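Chains as they are written, first to last, in our numbering: chain X, 1 to 159; chain A, 1001 to 1159.
Cβ coordinates follow ideal geometry from the N, Cα and C atoms, glycine included.
What you are looking at is a predicted structure, and each value in this text was computed from that prediction instead of being measured.
Below is one structure, written out as structure tokens; the observations come after it.
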DNA sequence: TCAAACCATATTGCGCACAATCTAATGATG
DNA sequence: CATCATTAGATTGTGCGCAATATGGTTTGA
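Structure follows, in structure tokens:
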């Protein structure tokens, strides 16, 4: 009995819980993220936005000044392969403009149009409505945000 | 002063923190989920799998019996629009088979092939390696899983 | 000053996600 | 048993996400 137990030290047996934990954590993130995005979906559809487009608008609203594609990408952890077509769609919607930076022709500056700025007021209603509808506890949410941010950073750091 | 304060009760002022909280929580989920999926990426690439394909294989490995498309979808919260092409790719990889259920011709049964079953051993190494590389604390992870699962369920419930 | 290294963005290609719609099989109801 | 609603899955179309690569602008340094 004791021999069997010590034979498993460093073996597969006591690593299995951790193994499952890794899969469960990653799946829990995956499922929760998609559920949250789906929850925003119908509300944002009324504004004519998708969830990633809404995140981009949040960045532009907060900056309240033209940003380069790379600046937006740094805040959202997204690259130009994702942002370029998304920003073109925001431009097609008349919410933003894309213009080459005269000072550095490599950069493309994204600026809000007047309709883009005006959308902020309607968008401000959305998150509170969802937060209350789903009865999220504020303390739990704040802790979740801290833990998730720490997790994200520890992953980014080692890559 | 008191008048000003009571004038804001039910107003925008004290709702702003909650408003930001909603956006922060949703973005934290979005960023953490993508970071975790990216972390799995290179490890899974060595097995020839993407992350959603890996999740599907986990479901099949655990069931250890043929499952209908809908059974897999129920476990992963994915619909046939996502699963049908994914399962066809697993079939192309020689890891699974897709056959109409003779008892109910509407259903398509997904079964592991022998190479599909054999891949389980190599896949078992992956999550532990990642869990340790990023130095995730086990208690924090377990709490996160509980909170995320509860959050996901409370969102699903009200929809 | 001119080539080489570097940088910001764009493009391409693939694989999800998901809404909307379609097809075919099944089950329920009169 | 004929019809009609229901169910399972496939298809189509749009929009991410991201790796790999291309393009052109900027900086650096022999």
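Return the first residue and the last residue of the beta strand (DSSP E) that residue i is part of.
i                      : result
residue 96 of chain X  : 96-100
residue 138 of chain X : From DSSP, residue 138 of chain X is part of no beta strand (DSSP E) but of the alpha helix (DSSP H) over 138-157.
Considering only C-alpha positions, which residue in the set the options is nearest to residue i?
i                       : options                        : result
residue 1044 of chain A : A/1087, A/1140, A/1056, A/1126 : A/1126
residue 1047 of chain A : A/1021, A/1119, A/1096         : A/1119
residue 149 of chain X  : A/1083, A/1102, A/1136         : A/1136
residue 28 of chain X   : A/1076, A/1054, A/1038, A/1040 : A/1076
residue 157 of chain X  : A/1022, A/1023, A/1038         : A/1038
residue 1070 of chain A : A/1096, A/1106, A/1095         : A/1106
residue 55 of chain X   : A/1026, A/1097, A/1145         : A/1026
residue 95 of chain X   : X/58, X/144, X/145, X/24       : X/58
residue 1040 of chain A : X/61, X/23, X/147              : X/23
I want to see whether chain A comes within less than 8 Å of residue i, judged by CB atoms only; does it?
i                      : result
residue 37 of chain X  : yes
residue 99 of chain X  : no
residue 63 of chain X  : no
residue 34 of chain X  : yes
residue 152 of chain X : yes
residue 1 of chain X   : Note that residue 1 of chain X has pLDDT 37, beneath the 50 cutoff, so the model's placement of it is unreliable and the number below is only indicative. So no, residue 1 of chain X is outside the interface.
residue 112 of chain X : no
residue 80 of chain X  : no
residue 147 of chain X : yes
residue 140 of chain X : yes
residue 127 of chain X : yes
residue 44 of chain X  : no
residue 130 of chain X : yes
Measuring straight from C-alpha to C-alpha, what distance separates residue i and residue j?
i                       : j                       : result
residue 1085 of chain A : residue 1032 of chain A : 26 Å
residue 36 of chain X   : residue 1113 of chain A : 35 Å
residue 1091 of chain A : residue 1066 of chain A : 14 Å
residue 1082 of chain A : residue 102 of chain X  : 44 Å
residue 122 of chain X  : residue 20 of chain X   : 43 Å
residue 93 of chain X   : residue 1042 of chain A : 37 Å
residue 116 of chain X  : residue 1132 of chain A : 45 Å
residue 140 of chain X  : residue 53 of chain X   : 27 Å
residue 1049 of chain A : residue 152 of chain X  : 23 Å
residue 74 of chain X   : residue 1098 of chain A : 42 Å
residue 1128 of chain A : residue 1079 of chain A : 29 Å
residue 1088 of chain A : residue 138 of chain X  : 43 Å
residue 154 of chain X  : residue 1134 of chain A : 6 Å
residue 1144 of chain A : residue 1062 of chain A : 23 Å
residue 51 of chain X   : residue 1100 of chain A : 37 Å
residue 60 of chain X   : residue 124 of chain X  : 14 Å
residue 1030 of chain A : residue 1130 of chain A : 19 Å
residue 1142 of chain A : residue 1034 of chain A : 19 Å
residue 1147 of chain A : residue 147 of chain X  : 11 Å
residue 1104 of chain A : residue 72 of chain X   : 51 Å
Provide the residue span of the alpha helix (DSSP H) that contains residue i, from first to last.
i                       : result
residue 1074 of chain A : 1069-1076
residue 90 of chain X   : 80-92
residue 1047 of chain A : Looking at the DSSP string, residue 1047 of chain A is not in any alpha helix (DSSP H), and its letter there is neither H nor E.
residue 121 of chain X  : 114-123
Does the distance between the C-beta of residue i and the nearest non-hydrogen atom of the ligand COA fall short of 7 Å?
i                       : result
residue 1072 of chain A : For the ligand COA, the structure offers nothing, since it holds no ligand at all.
Using a Cβ cut-off of 8 Å (strictly closer), state whether residue i contacts chain X.
i                       : result
residue 980 of chain A  : Nothing can be reported for residue 980 of chain A: it is not among the residues displayed for chain A, which extend from 1001 to 1159.
residue 1072 of chain A : no
residue 1144 of chain A : yes
residue 1056 of chain A : no
residue 1029 of chain A : yes
residue 1022 of chain A : yes
residue 1025 of chain A : yes
residue 1156 of chain A : yes
The segment 1101-1113 of chain A contacting the segment 1064-1083 of chain A, beta-carbon criterion three pairs below 8 Å: yes
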